[in-house]
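Participant:
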Amino acid sequence: MKVGFIGLGNLGKALVGRLVSEGVNLTVW
Numbered sequence: 002m003k004v005g006f007i008g009l010g011n012l013g014k015a016l017v018g019r020l021v022s023e024g025v026n027l028t029v030w
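Numbering (the working numbering), first residue to last: 2 to 30.
And the structure:
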């Protein structure tokens, strides 16, 4: 699965950390 984010903020950081640990392919700006 590919996921993209624009602007994470404090809550987004926790979400991205969890997705990365699950092996999701992320693009973040």
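Note that CB positions come from ideal geometry on N, CA and C, so glycine has one too.
Quick caveat: nothing in here was measured; it's all calculated off a predicted structure.
What are the boundary residues of the alpha helix (DSSP H) that includes G10?
Facilitator: What you label residue 10 is simply residue 9 of the sequence shown in a count that begins at 1. Run containing G10: 10 to 22, per the alpha helix (DSSP H) assignment.
Participant: What does DSSP give as the partner residues of V4 in its beta bridges?
Facilitator: Within the sequence shown, the letter at position 3 stands for residue 4. DSSP lists L27 as partners of V4.
Participant: How many angstroms separate the CA atom of N1 from the CA atom of L12?
Facilitator: No statement about residue 1 is possible, as the shown extent of the chain runs from 2 to 30 and does not include it.
Participant: Taking V29 and L9 to be in contact with their CB atoms under 8 Å, please state how far apart those CB atoms are, rounded to whole angstroms.
Facilitator: Along the sequence shown, one-based indexing puts residue 29 at 28. Along the sequence shown, one-based indexing puts residue 9 at 8. At roughly 7 Å, the Cβ-Cβ gap stays under 8 Å, so V29 and L9 are in contact.
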